[in-house]
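Remarks on the structure that follows.
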Amino acid sequence: MVRVRFAPSPTGNLHIGGGRTALFNWLFSQSQNGKFILRIEDTDKERSKKEFVDEILYSLKWLGFNWDELYYQSERFERYRMHADKLLKAGLAYIEKSPEGKEAIIYKVPEKKIKVNDLIRGEIEFDSTLIKDQVLIKSDGTPTYNFACVVDDAEMNITHIIRGDDHISNTPKQIMLYEALGFALPDFAHLPLIMGVDGGRLSKRTGATAISDYRKMGYLSEALLNYLLLLSWAPGDNRELVSIQEAVRLFDIKNVNKTSATFDLKKLDWINNQYLKDADPEKLADELVPLLEDKHYINKDHFDRGYLLLLVKLFQARLPRLNDFVDWADFFFLDEPVMDPAAQEKYLTQDLSKELNLFAQRLDNLQCFDIVNIEASFRELVAELGIEAKKLIHPVRVALTGKTIGPGLFEVIYYLGKERSKRRLLKWAK
RNA sequence: GACCCUGUCGUCUAGCCUGGUCUAGGACAAGAGCUUUUCAAGCUCUCGACACGGGUUCAAAUCCCGUCAGGGUCACCA
Numbered sequence: 557m558v559r560v561r562f563a564p565s566p567t568g569n570l571h572i573g574g575g576r577t578a579l580f581n582w583l584f585s586q587s588q589n590g591k592f593i594l595r596i597e598d599t600d601k602e603r604s605k606k607e608f609v610d611e612i613l614y615s616l617k618w619l620g621f622n623w624d625e626l627y628y629q630s631e632r633f634e635r636y637r638m639h640a641d642k643l644l645k646a647g648l649a650y651i652e653k654s655p656e657g658k659e660a661i662i663y664k665v666p667e668k669k670i671k672v673n674d675l676i677r678g679e680i681e682f683d684s685t686l687i688k689d690q691v692l693i694k695s696d697g698t699p700t701y702n703f704a705c706v707v708d709d710a711e712m713n714i715t716h717i718i719r720g721d722d723h724i725s726n727t728p729k730q731i732m733l734y735e736a737l738g739f740a741l742p743d744f745a746h747l748p749l750i751m752g753v754d755g756g757r758l759s760k761r762t763g764a765t766a767i768s769d770y771r772k773m774g775y776l777s778e779a780l781l782n783y784l785l786l787l788s789w790a791p792g793d794n795r796e797l798v799s800i801q802e803a804v805r806l807f808d809i810k811n812v813n814k815t816s817a818t819f820d821l822k823k824l825d826w827i828n829n830q831y832l833k834d835a836d837p838e839k840l841a842d843e844l845v846p847l848l849e850d851k852h853y854i855n856k857d858h859f860d861r862g863y864l865l866l867l868v869k870l871f872q873a874r875l876p877r878l879n880d881f882v883d884w885a886d887f888f889f890l891d892e893p894v895m896d897p898a899a900q901e902k903y904l905t906q907d908l909s910k911e912l913n914l915f916a917q918r919l920d921n922l923q924c925f926d927i928v929n930i931e932a933s934f935r936e937l938v939a940e941l942g943i944e945a946k947k948l949i950h951p952v953r954v955a956l957t958g959k960t961i962g963p964g965l966f967e968v969i970y971y972l973g974k975e976r977s978k979r980r981l982l983k984w985a986k
């Protein structure tokens with residue numbers, strides 16, 4: 557039975573790199589019908605915070621990763637102590653006293669060559685003479701990372717350790733501990749790191765790092781997962797859009813790339829837009845309600861949900877991020893559109909009183925106020941006036957929306973309604 | 001600095017294991033055009049890469065060696 561684990565430290569939010577490690581562990585467990593175990597590595601009492609634990613669990617759920625078992629290292633200190641004592645008795649470790657008289661337990665590193673057969677990178681060899689003796693239990697009684705990690709992975713029967721590249725140099729240290737404790741070795745697989753656009757480690761300087769930030773920005777979890785997947789794995793048939801279900805079916809850890817990848821928002825935006833297009837408007841509307849309420853565009857207790865749904869359908873194919881809806885569709889919720897100065901300058905400086913008045917009148921006279929008839933009356937008008945359609949379309953769009961870009965004009969007029977459209981047009985017809 | 005990992009278009013990648021089908025394919029971005037209603041949507045086209053040097057071979061992106069470059073790790077943090 558395959559058992560893998562994701563072992564975050566609650567000293568910060570779940571970040572992109574952690575999310576990606578969780579993704580590959582979860583993916584591997586699902587593809588092998590195995591178990592996905594979550595272990596909170598909270599041995600550092602100073603830096604570990606309950607709020608980070610909550611945040612990490614929440615983000616993992618948002619990404620769709622359900623864990624089969626959950627452990628906290630802070631509840632397992634006696635296990636580490638017990639195994640350290642075992643090594644002490646066996647003569648494989650020794651005690652070191654600090655000046656204040658506190659005792660730490662140190663592992664005596666033997667001289668040997670250590671070989672790792674990494675599932676992604678192949679064979680890697682290390683020389684233990686380059687590794688100094690390792691602290692097992694610190695003088696404050698808490699275990700070190702490498703020690704707690706080995707004890708837990710062994711006791712929790714972890715079969716495959718899938719983690720970031722930055723742990724490669726921990727691997728020989730851990731392997732020596734497995735051997736000293738008499739535990740069976742798991743398989744190792746080291747994922748390439750994700751880099752920021754500056755070439756270094758992904759950091760807050762180069763953009764958002766927390767998974768929850770991406771949720772707040774309006775990325776769908778399916779899209780973020782798809783993008784993370786593509787950063788170091790490909791389905792092999794030139795496809796860019798791969799659902800997580802398909803990935804479970806196609807995934808083979810041997811096909812994971814060795815090269816570190818740069819996190820590129822542009823492509824994430826594109827993928828997110830692809831998912832937004834096909835997303836259920838009901839679901840999108842649900843997520844939009846609190847955002848619209850924040851802006852006082854709606855009141856969640858009494859608003860026209862059917863109308864919101866229509867607007868979501870109108871915009872969803874062109875949004876890179878769901879949250880963009882709030883700004884792009886603002887003119888549907890405000891009494892007056894927020895006028896973009898450049899747009900006004902470009903399309904509403906010449907006097908169009910006659911044309912706008914006439915169009916407002918035509919709209920008023922429409923018996924059947926629908927998209928087809930709105931467009932027909934507009935086309936009729938510009939034909940009579942002998943002007944090009946676009947000469948009037950652009951100014952009308954700016955008058956109605958305050959923007960030069962947006963959905964098709966006649967749809968905008970239809971959803972805005974007769975009265976609001978007329979009022980906004982007449983404002984520019986002095 | 002030592003050790004370890006990695007090097008295909010600006011970015012993500014396919015191809016590499018099992019050399020020839022690769023004048024290196026796809027996607028994002030960028031540029032141009034079309035869509036005679038905009039674009040941040042759609043369609044079409046263009047630009048653009050095997051890090052470098054040597055070797056093996058009839059033949060190398062693919063195998064070997066070296067160089068260089070980038071990254072990671074060297075804590076009583078995890």
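Each step along the first sequence adds one to the number in our numbering, with nothing skipped, and position 355 is 911.
A virtual CB, placed ideally from N, CA and C, is assigned to each residue, including glycine.
Please read these numbers as outputs of a predicted model, since none were measured by experiment.
8 angstroms Cβ cutoff met for residue i and residue j
i	j	result
phenylalanine 744	aspartate 808	no
isoleucine 827	asparagine 782	yes
alanine 945	arginine 935	yes
arginine 635	glutamate 735	no
tyrosine 663	leucine 737	no
aspartate 708	arginine 632	yes
isoleucine 927	phenylalanine 889	no
alanine 684	isoleucine 661	Note that residue 684 is serine in the sequence shown here, rather than alanine. Their beta carbons are not under 8 angstroms apart, which means serine 684 does not touch isoleucine 661 by this criterion.
asparagine 569	phenylalanine 608	yes
arginine 603	threonine 577	no
alanine 803	leucine 619	no
alanine 955	leucine 981	yes
tyrosine 971	isoleucine 930	no
aspartate 641	phenylalanine 592	no
isoleucine 750	leucine 787	yes
leucine 776	tyrosine 853	no
arginine 771	leucine 747	no
leucine 797	glutamate 838	no
asparagine 855	methionine 773	no
serine 587	serine 654	no
isoleucine 742	threonine 715	Reading off the sequence, residue 742 comes out as proline, not isoleucine. Yes, Cβ-Cβ distance for proline 742 and threonine 715 is below 8 angstroms.
leucine 922	serine 933	yes
Selected residue, minimal CA-CA separation from residue i, among the options
i	options	result
leucine 613	Asp600, Lys601, Arg603, Tyr627	Tyr627
aspartate 886	Gly962, Leu914, Phe915	Gly962
leucine 692	Val665, Glu681, Glu711, Met712	Val665
isoleucine 717	Leu912, Trp984, Arg561	Arg561
alanine 766	Val812, Ile572, Ser565	Ile572
methionine 895	Leu870, Gln906, Lys959, Asn829	Lys959
arginine 595	Asn921, Ile651, Leu847, Arg559	Arg559
alanine 790	Ser777, Leu806, Gln801, Ala985	Leu806
glycine 763	Lys772, Met773, Gly752	Gly752
leucine 686	Lys729, Val706, His858	Lys729
leucine 848	Asn589, Trp884, Ser816	Trp884
serine 585	Lys910, Lys856, Gln801	Gln801
lysine 983	Gly964, Ala932, Lys910	Lys910
aspartate 989	Ala704, His639, Asp891	Residue 989 is absent from the model: the chain starts at 557 and stops at 986.
serine 615	Lys833, Asn713, Lys688, Gly575	Gly575
Three-state class that DSSP yields for residue i in the structure shown
i	result
arginine 795	coil
isoleucine 750	strand
aspartate 886	helix
glutamine 690	strand
aspartate 920	helix
arginine 757	strand
glycine 862	helix
alanine 817	strand
valine 558	coil
arginine 603	coil
alanine 646	coil
isoleucine 596	strand
isoleucine 827	helix
alanine 835	coil
Delimiting residues of the beta strand (DSSP E) encompassing residue i
i	result
alanine 704	Per DSSP, alanine 704 belongs to no beta strand (DSSP E); it is in the alpha helix (DSSP H), 701-711.
tyrosine 628	625-628
tyrosine 650	649-653
tyrosine 770	Premise fails: tyrosine 770 lies in the alpha helix (DSSP H), 767-773, not in any beta strand (DSSP E).
isoleucine 718	716-720
tyrosine 663	659-663
Terminal residues of the alpha helix (DSSP H) in which residue i lies
i	result
phenylalanine 584	572-587
glutamate 679	Looking at the DSSP string, glutamate 679 is not in any alpha helix (DSSP H); the run it does join, the beta strand (DSSP E), is 678-683.
alanine 955	945-957
For residue j and residue i, believed in contact at Cβ under 8 angstroms, the rounded distance
i	j	result
leucine 919	lysine 974	6 angstroms
alanine 898	valine 868	No, alanine 898 and valine 868 are not in contact; Cβ-Cβ is about 27 angstroms, not under 8 angstroms.
aspartate 598	serine 630	5 angstroms
leucine 908	proline 876	The pair is not a contact, with the Cβ atoms about 33 angstroms apart (cut-off 8 angstroms).
valine 812	isoleucine 676	5 angstroms
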